[in-house]
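Novice: First, the structure itself, so that you have it in front of you.
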Amino acid sequence: MNSAGTAPNDPPPAPLVERLQAADQSHVLRFWDQLDTEARGRLITQLEAIDFDQLAGLIAGQDDKPDFAALASRATPPPAVRSDGTGAAWNPADARRAGAEAIAAGRVGVVIVAGGQGTRLGFDHPKGMYPIGPLSDRTLFEYFADLLIATQRRYGVSIPLYLMTSPLTHDETLAYWAEHDYLGLGSENVRIFCQGTMPAVDAKTGKLLLASPDSLSLSPDGHGGTVRALSVSGCLDDATSRGIDLLCYIQVDNPLVALCDPDLIGHHLVSGSEMTTQVVRKRYPEEKVGNVVMVDGALRIIEYSDLPEEIAAQRNEAGELRLWAGNIAVHVMNVPFLRRAAASADALPFHRANKATPFIDDQGKLISPDTPNSIKFERFIFDLLPDAENAFVVEAVADRAFAPVKNADGAPYDTPQRAREAIVHLHRDWLRDAGVAVAEGIKVEINPRFAIDVAELKQRLAGTTSIERDHYFAPLQ
Ligand code: UTP
Numbered sequence: 125m126n127s128a129g130t131a132p133n134d135p136p137p138a139p140l141v142e143r144l145q146a147a148d149q150s151h152v153l154r155f156w157d158q159l160d161t162e163a164r165g166r167l168i169t170q171l172e173a174i175d176f177d178q179l180a181g182l183i184a185g186q187d188d189k190p191d192f193a194a195l196a197s198r199a200t201p202p203p204a205v206r207s208d209g210t211g212a213a214w215n216p217a218d219a220r221r222a223g224a225e226a227i228a229a230g231r232v233g234v235v236i237v238a239g240g241q242g243t244r245l246g247f248d249h250p251k252g253m254y255p256i257g258p259l260s261d262r263t264l265f266e267y268f269a270d271l272l273i274a275t276q277r278r279y280g281v282s283i284p285l286y287l288m289t290s291p292l293t294h295d296e297t298l299a300y301w302a303e304h305d306y307l308g309l310g311s312e313n314v315r316i317f318c319q320g321t322m323p324a325v326d327a328k329t330g331k332l333l334l335a336s337p338d339s340l341s342l343s344p345d346g347h348g349g350t351v352r353a354l355s356v357s358g359c360l361d362d363a364t365s366r367g368i369d370l371l372c373y374i375q376v377d378n379p380l381v382a383l384c385d386p387d388l389i390g391h392h393l394v395s396g397s398e399m400t401t402q403v404v405r406k407r408y409p410e411e412k413v414g415n416v417v418m419v420d421g422a423l424r425i426i427e428y429s430d431l432p433e434e435i436a437a438q439r440n441e442a443g444e445l446r447l448w449a450g451n452i453a454v455h456v457m458n459v460p461f462l463r464r465a466a467a468s469a470d471a472l473p474f475h476r477a478n479k480a481t482p483f484i485d486d487q488g489k490l491i492s493p494d495t496p497n498s499i500k501f502e503r504f505i506f507d508l509l510p511d512a513e514n515a516f517v518v519e520a521v522a523d524r525a526f527a528p529v530k531n532a533d534g535a536p537y538d539t540p541q542r543a544r545e546a547i548v549h550l551h552r553d554w555l556r557d558a559g560v561a562v563a564e565g566i567k568v569e570i571n572p573r574f575a576i577d578v579a580e581l582k583q584r585l586a587g588t589t590s591i592e593r594d595h596y597f598a599p600l601q
């Protein structure tokens, strides 16, 4: 007998066979006789993780989209504080103070999601390992680690990092952080946990696709998988045991993000919100960002592809877009709220996407289609918003907060080059605001461990009046 409970001539376990028959998915055991015991074990583990009733519902289309046109017709702008401080019923300075106090009290932890496939970027490693520093070549992981170290120093606390991977990125991410000595954060403060997967099914037949004789075609269950993964990995318990009740959520691909932003955290606290989301003002109606709107008293996101053109184009009396708030996937969430969501299996719906997925045919031959042949199922983190009490919105200025690394250089937008330019641009502004002239065309990059904001930069550079050549302000020892 082996770990799968099978000797070489044994049939597959009877209860599993029954479940597969009931679900009309028995074909996945087609290669059973050719598999060694280890391979059988792998396949059984994957199959036993599947909720076949749920899968049948998804295949049958029970995840069908809501009527977005109807929702959009009732959508109104969200309750928000704008980047100029207007819109809130409280003083923004009080909110900032509350945010800073919460960080200093050790109530805040960070979640970075890094389980995506990064298909569009075309980089052969987890996206967090992508070198993004315009002069330093720091990776995205280093970029955030430096910011966390600087934030911890500023507030005199330790801030745990919960880093989500997927089976696609897990081993390499673990190895990277271990080899780089947890980038200075301390291994006890970095928890790397793996999200779940969902199987892909054939778009025409609803049959599970096999990636190989001993494996289904599995892919990460979307960034919404964070909720369940945080819970089952014990990260929510870890947070609670450290006295943390607020988690700042970011995605690994936006180096401009203001991690642990006291303004964002402060507005979240003062508004009594369970989930607060940072947004940017949309520049034009059809911009490819999710639209953060209110519908029937709940905050929600309507994807750009689901917002009817004429509604997207509506303007208010001041000539601004009426539905102005664009999602940048930066959220603050209460730990008890996440526990509640994790406990309710249906808190997040699955979305279906038609994707080209390689699979093996009946003869075991690998087929790599060029066009979509499969349905994949993903959950989205922002689907938590309608369930959050007093969900709230805080506007950030796009040039200072959002430069996602999505596409390979050469694409028209969201490229590494564009992100590097945005970093240089922001840091040139910081130097100017600190009273230091930067010659035209000069690149600068400021490590937050040199200065975390303009005020600190001013102190560090007292006596410096100009920068004449490219300069990386490296961490102070
Ligand atoms: P995207 O949806 O932009 O996907 O993820 P991606 O993997 O970066 O790139 P493409 O679409 O394959 O080109 C946004 C963020 O959510 C994370 C990603 O790692 C990224 O930080 N994510 C996405 C997960 O952690 N898990 C998922 O299942 C999906």
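Going by this note's numbering, the sequence shown opens with residue 125, and the numbers climb by one from there.
Where is the CB? At the ideal position from N, CA and C, for every residue including glycine.
#1: From the DSSP secondary-structure annotation, give me the bridge partner or partners of residue 477.
#2: Please classify residue 318: does DSSP put it in a helix, a strand, or coil?
#3: From which residue to which residue does the alpha helix (DSSP H) around residue 350 run?
#4: In the structure shown, what three-state DSSP assignment does residue 511 receive?
#5: Can you give me the Cβ contacts of residue 183 inside the same chain, cut-off strictly under 8 Å, excluding the 5 residues immediately before and after it?
#6: Buried or exposed: which applies to residue 308, given that a residue is buried once 16 or more other Cβ atoms fall within 10 Å of its Cβ?
#7: Considering Cα atoms alone, identify which of 155, 147, 141, 598 is closest to residue 337.
#8: Could you tell me which uninterrupted alpha helix (DSSP H) segments, each at least 4 residues in length, are contained entirely in the segment 364 to 407, listed from first to last along the chain?
#9: What is the residue span of the alpha helix (DSSP H) that residue 506 lies within?
#10: Going by CA-CA distance only, name the one from 320, 323, 300 that's closest to residue 314.
#11: For residue 128, which residues of its own chain have a beta-carbon under 7 Å away from its beta-carbon, when the five flanking residues on both sides are left out?
#12: Please classify residue 321 as buried or exposed, where buried requires at least 16 other C-beta atoms within 10 Å of its C-beta.
#13: From residue 429 to residue 589, what distance separates their C-alpha atoms?
#14: Apply the 10 Å Cβ neighbour rule to residue 659 and answer buried if 16 or more other Cβ atoms are within range, or exposed otherwise.
#15: For the structure I just gave you, are there three or more beta carbon pairs, one from the segment 510 to 521 and one from the segment 406 to 424, closer than 8 Å?
#16: Can you name the residues that DSSP bridges to residue 254?
#17: Does residue 596 come out as helix, strand or coil in the three-state DSSP assignment?
#18: Quick check on residue 434: buried or exposed, where buried means 16 or more other Cβ atoms within 10 Å of its Cβ?
#19: At the level of alpha carbons, what is the spacing between residue 427 and residue 281?
#20: State the CB to CB distance for the pair residue 496 and residue 490, rounded to an integer number of angstroms; the pair is presumed to be in contact (CB under 8 Å).
#21: List the residues that DSSP assigns as beta-bridge partners of residue 518.
#22: Can you pull the DSSP bridge partners for residue 229?
#23: Hey, residue 275 and residue 283 are a contact pair by Cβ (cut 8 Å); roughly how many whole angstroms apart?
#24: Specify the secondary structure class of residue 279 as computed by DSSP and reduced to three states.
#25: I'd like to confirm something about residue 319: is its beta-carbon nearer than 7 Å to some heavy atom of the ligand FAD, or not?
#26: What are the boundary residues of the beta strand (DSSP E) that includes residue 300?
#27: Looking only at DSSP bridge pairs, what is residue 562 linked to?
#28: CA-CA distance, residue 229 and residue 533?
#29: What would DSSP say about residue 169, mapped onto helix, strand or coil?
#30: By alpha-carbon positions, which one of 502, 436, 295, 239 ends up nearest to residue 375?
#31: Whole-angstrom Cβ separation of residue 296 and residue 347, contact assumed at under 8 Å?
Specialist: Taking the coordinates as given:
#1: 500
#2: strand
#3: 349 to 356
#4: helix
#5: 325, 330, 499
#6: Flag for residue 308 reads exposed.
#7: Nearest neighbour of residue 337 by Cα position, chosen from 155, 147, 141, 598, turns out to be 155.
#8: 386 to 394
#9: Taken as a continuous stretch (DSSP letters only), residue 506 belongs to no alpha helix (DSSP H), as it is neither H nor E.
#10: 300
#11: Caution is warranted here: a pLDDT of 49 is assigned to residue 128, below 50, making its placement in the model unreliable, and the coordinate value is therefore given only provisionally. Excluding positions up to five away in sequence, the list reads 161, 164, 165, 168.
#12: buried
#13: Cα to Cα, the separation comes out at about 48 Å.
#14: The chain is shown only over 125 to 601; residue 659 falls outside these bounds and no answer can be derived.
#15: yes
#16: According to DSSP, which records beta bridges pairwise, residue 254 is partnered with nothing at all.
#17: strand
#18: exposed
#19: 38 Å
#20: The Cβ separation is near 17 Å, so there is no contact.
#21: 205, 402
#22: Bridge partners of residue 229: none, in fact.
#23: Cβ atoms of residue 275 and residue 283 come within 8 Å of each other, at about 6 Å.
#24: helix
#25: This structure lacks the ligand FAD; the ligands present are the ligand UTP.
#26: From DSSP, residue 300 is part of no beta strand (DSSP E) but of the alpha helix (DSSP H) over 294 to 303.
#27: 591
#28: Rounded to the nearest angstrom, the two C-alpha atoms are 42 Å apart.
#29: Residue 169 carries a helical assignment under DSSP once its states are collapsed to helix, strand and coil.
#30: 239
#31: Their Cβ separation, rounded to whole angstroms, is 19 Å, which puts residue 296 and residue 347 out of contact at 8 Å.
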